[in-house]
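Sequence order for the protein chains is A and B. Under numbering that gives the first Met the number 0, the first residue of the first sequence carries the number 0, and numbering increases by one thereafter. Under numbering that gives the first Met the number 0, the first residue of the second sequence carries the number 0, and numbering increases by one thereafter. All C-beta atoms in this analysis are idealised placements derived from N, C-alpha and C, irrespective of residue type, glycine included. Being a predicted model, the structure only gives us computed values, none of them experimental. A short worksheet on the structure shown next.
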Amino acid sequence: MEFIGKLFAMAIAAIFVQNFVLARFLGLCPYIGVSKKVDSAIGMGMAVIFVMTMASTITWIIQTYLLIPLNIEYLQTIAFILTIASLVQLVEMIIQKTAPALYKALGVFLPLITTNCAVLGVAILNINEKYTFIESILNGLFAGLGFTLVLVLMAGIREKLEKAELPRSMKGMPIAMIVAGCMALAFFGFAGLKL
Amino acid sequence: MIKEFTKGFIKENPVFVMALGLCPTLAVSSSVMNAIGMGLAATFVLVCSNIIISLIKNFIPNKIRIPAYIVVIASFVTIVDMVMEAYVPDLHKSLGLFIPLIVVNCIILGRAEAFAGKNNVINSILDGFGMGLGFTLALVVIAVIREILGAGQLLGYNILPQSYQPMLVAILAPGAFIVMGLLMGLMNLKKK
């Protein structure tokens with residue numbers, strides 16, 4: 000029971016209170032770049048959830064059974080980024096073979112994920128926070144869910160913004176930033192939450 | 000040749016014009032000190048990786064060039080990480096997660112792919128310095144605005160009168176987005 004309570008607290012923290020995009024500033028490039036349409040935002044979100052969960056799992060194993068026993072923790076950055084890059088490639092190939100429909104939906108977003116700093120970010124955070132194996136996997140999953148939530152919300156707002164009357168110089172990127180600012184302000188409301 | 004150096008400052012500024020490297024820009028620009036530290040760390044990685052990549056570009060098979068670039072970049076990031084931890088531990092602590100994340104900063108991989116992989120060493124060094132300083136400049140501009148509005152300070156010294164009520168929101172996450180949005184709008188206005 001205590002474990003479930005802890006998991007619930009972790010989920011709320013990763014999705015709302017310490018949202019990866021709005022509070023930690025991770026994964027902003029796809030957040031601004033792929034949030035023009037709700038459909039593609041959902042596709043990108045699903046791909047990110049998948050890769051983040053997988054990356055958390057595998058980097059934790061590498062850290063615990065390879066880097067620490069061999070005393071080469073300083074190679075963490077290189078080891079993790081290579082793991083993520085090859086993981087993304089592998090996931091792409093597996094999905095292409097086994098689930099062509101899913102591949103078609105996620106296809107274009109998969110290669111972009113390697114340079115999504117949220118993925119490397121969650122892997123390093125898991126190690127810094129000294130999470131256990133199960134906690135790491137779930138933290139990856141929750142962080143991905145938080146990312147998807149704000150990405151889809153943002154896409155919904157930006158679809159409406161297309162028709163709004165704005166000064167020419169504020170169109171596109173600048174207004175997207177301001178909207179993100181307002182959203183971050185709203186998410187700040189969760190900051191006082193104690194679990 | 001001078002053009003390779005200066006284009007990164009304004010005309011092709013990586014942050015304001017090309018909108019690359021947004022994550023570190025927004026995350027570390029809450030104080031000017033952090034901004035300078037981050038800017039210089041990224042400049043070092045950018046210049047060094049540009050040198051190595053422009054030297055070895057002919058030996059890397061085209062198909063695996065991106066993983067090869069990432070390994071080169073990650074090695075320099077590890078060096079920066081260790082050096083900063085040893086000599087400026089406070090700064091290292093306040094930048095935290097964003098030092099290892101220089102690896103996935105799109106500016107660095109972007110310059111490797113778009114410039115260093117196609118040009119000679121001298122031009123690549125100039126390009127790296129220019130882009131790195133352009134990135135630092137953008138960070139410092141945002142940080143100056145946020146630190147003055149949010150804390151009434153500059154580099155830790157009070158510069159506004161005591162009666163000034165700091166706008167706390169400016170140094171928190173939402174302020175970063177709003178200042179960035181307004182600055183980008185201003186750049187667009189100047190371009191037209």
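{"Item": "Could you tell me which residues DSSP puts in a beta bridge with residue 156 of chain B?", "Value": "B/153"}
{"Item": "Just the C-alpha distance for residue 75 of chain A and residue 157 of chain B, rounded to the nearest angstrom, thanks.", "Value": "40 Å"}
{"Item": "Return no unless some Cβ of chain A is closer than 8 Å to the Cβ of residue 187 of chain B.", "Value": "yes"}
{"Item": "For a contact defined as C-beta to C-beta under 7 Å, what are the partners of residue 27 of chain A on chain B?", "Value": "21, 22 and 25"}
{"Item": "With DSSP run on the structure shown, which of helix, strand or coil describes residue 42 of chain B?", "Value": "helix"}
{"Item": "Can a CB atom of chain B be found closer than 8 Å to the CB of residue 180 of chain A?", "Value": "yes"}
{"Item": "Against chain B, does residue 76 of chain A count as a neighbour if the rule is that its beta carbon must be under 8 Å from one of theirs?", "Value": "yes"}
{"Item": "Give the residues of chain B in contact with residue 73 of chain A, contact being defined as C-beta atoms less than 9 Å apart.", "Value": "77, 80 and 81"}
{"Item": "Could you pull out every unbroken beta strand (DSSP E) segment of at least 3 residues lying fully inside the stretch 88 to 131 of chain A, listed in chain order?", "Value": "none"}
{"Item": "Within 8 Å (strictly less), CB to CB, does residue 43 of chain A reach chain B?", "Value": "no"}
{"Item": "So, is residue 163 of chain B buried or exposed, given that buried needs 16 or more other C-beta atoms within 10 angstroms?", "Value": "exposed"}
{"Item": "Given residue 28 of chain B, which residues of its chain have a CB within under 7 Å of its CB, disregarding the five upstream and five downstream residues?", "Value": "34, 138, 141, 142, 145 and 175"}
{"Item": "Applying a beta-carbon distance threshold of less than 7 Å, which residues of chain B neighbour residue 135 of chain A?", "Value": "Simply none; closest approach about 16 Å."}
{"Item": "For residue 15 of chain B, which residues in the same chain have their Cβ closer than 8 Å to its Cβ, ignoring the five residues on either side in sequence?", "Value": "137, 182, 183 and 186"}
{"Item": "For residue 51 of chain A, would you say it is in contact with chain B, using Cβ-to-Cβ distances shorter than 8 Å as the test?", "Value": "no"}
{"Item": "Taking residue 26 of chain B as the reference, give the member of A/22, A/29 and A/55 with the closest Cα.", "Value": "A/22"}
{"Item": "Tell me the rounded alpha-carbon separation between residue 123 of chain B and residue 55 of chain B.", "Value": "12 Å"}
{"Item": "Going by C-alpha distance, which of A/68, A/71 and A/77 is nearest residue 72 of chain B?", "Value": "A/77"}
{"Item": "Quick check on this structure: which residue in A/94, A/148, A/123 and A/179 has the alpha carbon closest to the alpha carbon of residue 98 of chain B?", "Value": "A/123"}
{"Item": "Rounded to a whole number of angstroms, what is the C-alpha to C-alpha distance between residue 8 of chain A and residue 1 of chain A?", "Value": "11 Å"}
{"Item": "With 9 Å as the limit, tell me which residues of the stretch 163 to 179 of chain A have their beta carbon closer than that to any beta carbon of chain B; keep them in chain order.", "Value": "166, 167, 168, 169, 170, 171, 172, 173, 174, 175, 176, 177, 178 and 179"}
{"Item": "Comparing alpha-carbon positions, which option in A/191, A/171 and A/180 lies nearest residue 32 of chain A?", "Value": "A/171"}
{"Item": "For the structure I just gave you, are there three or more beta carbon pairs, one from the stretch 79 to 89 of chain B and one from the stretch 58 to 67 of chain B, closer than 8 Å?", "Value": "no"}
{"Item": "Can you give me, in chain order, the residues of the stretch 168 to 180 of chain B that have a beta carbon less than 8 Å from any beta carbon in chain A?", "Value": "168, 171, 172, 173, 174, 175, 176, 177, 179 and 180"}
{"Item": "Report yes if the C-beta distance between residue 68 of chain A and residue 87 of chain A is below 8 Å; otherwise report no.", "Value": "no"}
{"Item": "Can you give the Cα-Cα distance for residue 1 of chain B and residue 109 of chain B, rounded to whole angstroms?", "Value": "21 Å"}
{"Item": "Between the Cα of residue 61 of chain A and the Cα atoms of A/79, A/98 and A/46, which residue gives the shortest distance?", "Value": "A/79"}
{"Item": "So, does the CB of residue 160 of chain B fall closer than 8 Å to a CB anywhere in chain A?", "Value": "no"}
{"Item": "Could you compute how far the alpha carbon of residue 45 of chain B sits from the alpha carbon of residue 187 of chain A?", "Value": "35 Å"}
{"Item": "Could you tell me which uninterrupted alpha helix (DSSP H) segments, each at least 4 residues in length, are contained entirely in the stretch 34 to 96 of chain B, listed from first to last along the chain?", "Value": "64 to 86 and 88 to 94"}
{"Item": "If you follow the alpha helix (DSSP H) that residue 162 of chain A is in, where does it begin and where does it stop?", "Value": "First-last for residue 162 of chain A: undefined, no H or E at that position."}
{"Item": "Leaving out five residues before and five after residue 41 of chain A in sequence, what residues of the same chain have Cβ atoms less than 7 Å from its Cβ?", "Value": "151"}
{"Item": "Within its chain, find whatever has a CB closer than 7 Å to the CB of residue 31 of chain B; leave out the 5 residues flanking it on each side and keep chain order.", "Value": "139, 142, 143, 146, 153 and 154"}
{"Item": "How should residue 3 of chain B be labelled, buried or exposed, when 16 other C-beta atoms within 10 angstroms of its C-beta is the threshold for buried?", "Value": "buried"}
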